[in-house]
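Chains as they are written, first to last, in this note's numbering: chain E, 106 to 698; chain F, 7 to 255.
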């Protein structure tokens, strides 16, 4: 038994920091690893808000209602026990964040203000302008800095997780990590490890995710024996701004504050947008979904936009874009509630969305699947926990807007104390717990990569991967396309063996770090594609025109992928979903649920 | 429009001790291109304008939405975020250099950890009792929220420090970003419990009196944070604190 257990947290976004705070508060000490300085983690990109049924608008909202909206929004794929616990914990999480100083928007009386978001009929979303994720991350970052000052937290910023150290009994005993500056490879022993490494947007080339969201750490663990669950569930956000380097998110809060999605009824309408009269505008979401209107869940809105563009041929200027219109709302309200996101549009597109409707299109946004965990947030590798977007637990087949921030913090809050408890009861490792052997394995991989002679550029291979994944594994999926995509990935894996790094130096070599991530991305992409191929139904974000209905008999199940070895890719098994509280019912947003 | 190209020159340095060299690149123009997408293009095809093979550029970046604060660099002489530096708005050749006031790591990557150290020194946090459920937070009126929110938007990009003539080794000045955070936390109903300590931390060498009122910071800030207002307010508070401390001794 370890008297003073060593806990490693990998990832310094909301989930990781939440876990760190709970462990430090309980008297534990933490080594915190992050590719970027933690204050620069992807959580800063979350814009619209955080859900909690505080019922401060006299609507009779309850945590049960939040629970039901989340399960229904996720098309019944999420295990209900942890989701219920999250929804019940959410109001207290908001209070805590408020106490930590998050500058939430206020009512005239000085109370928390709430806005509406997709997939619910209640004002349930607390927000700090349109930069809620940034404000939440800073609040947790500040608390962690406080514990750092007290010596309870040691940060390893600029270190990248490479693998877990697993002993002869299959128990995790630490990690190996790479110093992205000195390129030093080192083993770090630990009694428990919490992964909080975010989503995997990079599998799709361009997404709304940050550069660091490669899914590499999850994929490394999957290759070491961790189950990866529901990999095929990828959220495509309906409203993004296409860019050369990434797809920038235009928050759902734009619609929450009254933004309307439309296209001109006539293809190629030549009039300036403001001169198109109301009668000649098609507000297709409001027409198709009168109850929820523009605030249908993201998968529903995304498919509707897809349909209007590709089936009705009504994309703007023949491009796959539609209008998101805020110009009917007064400037002062827009500035108070949405300034952060309007600035993004202004800066990157050049038009003022207060004057001109925004042109938007769906883009890969969120990873519902992730490392399989039990209700204590532990993966099937004893000692490795996971929290936040890198695990699969809270969103089922589709995440509701503003549920990500609460799931990250809640998952961190659950995993931290559980990891500490686990670590305190862990028998000491035999010898070095496998550290030397894992270091040798990683050294060999690194040596082979840096000295590899070939012709392939890793960044080019990645572009090809992104194109394939976006084409075949996002909004609309066909088995034929998914098979093509898997074959393409197999080809890319073969070509990866011929990767030649233009940079062979041993100092801040970003190509080297990227090439290591790329191998993991390729393996994880096969999990996404094959998982989608096997799931012959449509559920939440996973949509197959050839199998348009949900099939609870066959597929009300969690997909679990296990790595079958180099070349073999994933092997799948299925697990029943915990539906003990809410009986699955058809999910229809064109009628009251 | 065929074959329209973009000329970009990047200051390279392989390590802190290596000499620096400028490399020229000529890239195919694409709509909406920014300095980051240009460097992504170079990574996929690392060849200079004169056809010489080179290495991908090392630089910090993450969100590419000007909210994570990673990709600050000097572009055409101006400290700014590379992700929001649209190629079409820049004079060519676009000259890209690392920030000059921070230890260089490689190419455009510098070590800006000094800002995080400064934030620790001024206790830039709200000392909550614990994370268990203690009920709702203090009541905050919208006017107060609207005053604090801009300060809380600081992305730690360090542009304000880069452009400050007083931010150098001789003065040890903490820089505008840290001062604005002192104002933010001193304004908070609970955070102000450390108000005196924060002001004292800014009272000594490298503290707020090093500010030369050049006002470059507020112009460079990509988030339009009212930095000079924060400096004036905190200057006054520091003076008052000094006077109080003097009377107490």
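C-beta: ideal position from N, C-alpha, C; glycine also.
Are there 16 or more other CB atoms within 10 angstroms of the CB of residue i, so buried, or fewer, so exposed?
{"i": "residue 438 of chain E", "result": "exposed"}
{"i": "residue 80 of chain E", "result": "Any question about residue 80 of chain E goes unanswered here, given that chain E covers just 106 to 698."}
{"i": "residue 562 of chain E", "result": "buried"}
{"i": "residue 688 of chain E", "result": "exposed"}
{"i": "residue 620 of chain E", "result": "buried"}
{"i": "residue 136 of chain E", "result": "buried"}
{"i": "residue 455 of chain E", "result": "exposed"}
{"i": "residue 249 of chain F", "result": "exposed"}
{"i": "residue 702 of chain E", "result": "Coverage of chain E is limited to positions 106 through 698, which leaves residue 702 of chain E absent and any answer about it impossible."}
{"i": "residue 16 of chain F", "result": "buried"}
{"i": "residue 246 of chain F", "result": "exposed"}
{"i": "residue 384 of chain E", "result": "exposed"}
Just verifying my parser: in three-state terms, what is the DSSP assignment at residue i?
{"i": "residue 237 of chain F", "result": "helix"}
{"i": "residue 342 of chain E", "result": "strand"}
{"i": "residue 627 of chain E", "result": "helix"}
{"i": "residue 131 of chain F", "result": "coil"}
{"i": "residue 107 of chain F", "result": "coil"}
{"i": "residue 113 of chain E", "result": "strand"}
{"i": "residue 121 of chain E", "result": "helix"}
{"i": "residue 468 of chain E", "result": "strand"}
{"i": "residue 7 of chain F", "result": "A caution first: residue 7 of chain F carries a pLDDT of 48, below 50, which makes its placement in the model too unreliable to give a value."}
{"i": "residue 221 of chain F", "result": "coil"}
{"i": "residue 190 of chain F", "result": "helix"}
{"i": "residue 249 of chain E", "result": "helix"}
{"i": "residue 21 of chain F", "result": "coil"}
{"i": "residue 662 of chain E", "result": "strand"}
Against chain F, with Cβ distances strictly below 7 Å, would residue i count as a contact?
{"i": "residue 616 of chain E", "result": "yes"}
{"i": "residue 208 of chain E", "result": "yes"}
{"i": "residue 106 of chain E", "result": "Low local confidence applies: a pLDDT of 45 at residue 106 of chain E is under 50, so the model's placement there is unreliable, and no value is given."}
{"i": "residue 190 of chain E", "result": "no"}
{"i": "residue 259 of chain E", "result": "no"}
{"i": "residue 245 of chain E", "result": "no"}
{"i": "residue 442 of chain E", "result": "no"}
{"i": "residue 215 of chain E", "result": "yes"}
{"i": "residue 479 of chain E", "result": "no"}
{"i": "residue 254 of chain E", "result": "yes"}
Between residue i and residue j, how many whole angstroms is the CB-CB distance? I'm expecting something under 8 Å.
{"i": "residue 300 of chain E", "j": "residue 476 of chain E", "result": "6 Å"}
{"i": "residue 318 of chain E", "j": "residue 306 of chain E", "result": "5 Å"}
{"i": "residue 660 of chain E", "j": "residue 676 of chain E", "result": "The pair is not a contact, with the Cβ atoms about 18 Å apart (cut-off 8 Å)."}
{"i": "residue 169 of chain F", "j": "residue 130 of chain F", "result": "Their Cβ separation, rounded to whole angstroms, is 22 Å, which puts residue 169 of chain F and residue 130 of chain F out of contact at 8 Å."}
{"i": "residue 218 of chain E", "j": "residue 143 of chain F", "result": "That belief does not hold up - the Cβ atoms of residue 218 of chain E and residue 143 of chain F are roughly 13 Å apart, past 8 Å."}
{"i": "residue 2 of chain F", "j": "residue 76 of chain F", "result": "An answer regarding residue 2 of chain F cannot be provided, because it is not within the stretch 7 to 255 covered by chain F."}
{"i": "residue 515 of chain E", "j": "residue 194 of chain E", "result": "5 Å"}
{"i": "residue 682 of chain E", "j": "residue 662 of chain E", "result": "6 Å"}
{"i": "residue 11 of chain F", "j": "residue 35 of chain F", "result": "6 Å"}
{"i": "residue 158 of chain F", "j": "residue 208 of chain E", "result": "5 Å"}
{"i": "residue 227 of chain E", "j": "residue 166 of chain E", "result": "4 Å"}
Counting contacts by CB-CB distance shorter than 7 Å, is residue i in contact with chain E?
{"i": "residue 54 of chain F", "result": "no"}
{"i": "residue 147 of chain F", "result": "yes"}
{"i": "residue 131 of chain F", "result": "yes"}
{"i": "residue 203 of chain F", "result": "no"}
{"i": "residue 112 of chain F", "result": "yes"}
{"i": "residue 197 of chain F", "result": "yes"}
{"i": "residue 26 of chain F", "result": "no"}
{"i": "residue 143 of chain F", "result": "yes"}
{"i": "residue 234 of chain F", "result": "no"}
{"i": "residue 137 of chain F", "result": "yes"}
Next on the checklist: To be precise: take each residue of the segment 558 to 585 of chain E, compare its Cβ to all Cβ atoms of chain F, and keep it if any distance is under 9 Å. Which residues remain?
Outcome noted: 562, 563, 564, 565, 567, 568
Checklist entry - Residues in the segment 150 to 183 of chain F with C-beta within 7 Å of chain E's C-beta atoms, listed in sequence order? => result 151, 154, 155, 158, 159, 162
Checklist entry - Listed from N- to C-terminal order along the chain, which residues in the segment 622 to 643 of chain E have their beta-carbon within a distance smaller than 8 Å of any beta-carbon of chain F? => result none
Checklist entry - For the segment 228 to 243 of chain E, which residues have a CB atom closer than 8 Å to at least one CB atom of chain F, in sequence order? => result 233, 234, 236, 239, 240, 243
Item to check | chain F contacts made by the segment 131 to 161 of chain E, where a contact means CB separation under 8 Å | outcome: 141, 142, 144, 145, 146, 147, 149, 150
Item to check | Short-range partners of chain F found in the segment 334 to 358 of chain E, where Cβ spacing is below 7 Å | outcome: 348, 349, 350, 351, 353
Checklist entry - the segment 285 to 315 of chain E: which residues have C-beta closer than 8 Å to a C-beta of chain F, in chain order? => result 286, 315
Item to check | Interfacial residues, the segment 64 to 75 of chain F to chain E, with Cβ spacing under 9 Å | outcome: 64, 65, 66, 67, 68, 69, 70, 71, 72, 73, 74, 75
Item to check | Near-chain F residues of the segment 592 to 617 of chain E - C-beta to any C-beta below 9 Å | outcome: 606, 607, 608, 609, 610, 612, 613, 614, 615, 616
Item to check | Interface residues of the segment 35 to 62 of chain F facing chain E [CB-CB below 8 Å] | outcome: 36, 37, 38, 39, 40, 42, 43, 46, 49, 50, 51, 52, 59, 60, 61, 62
Checklist entry - Taking any Cβ of chain F, which residues in the segment 259 to 281 of chain E have a Cβ under 7 Å from it, in chain order? => result none
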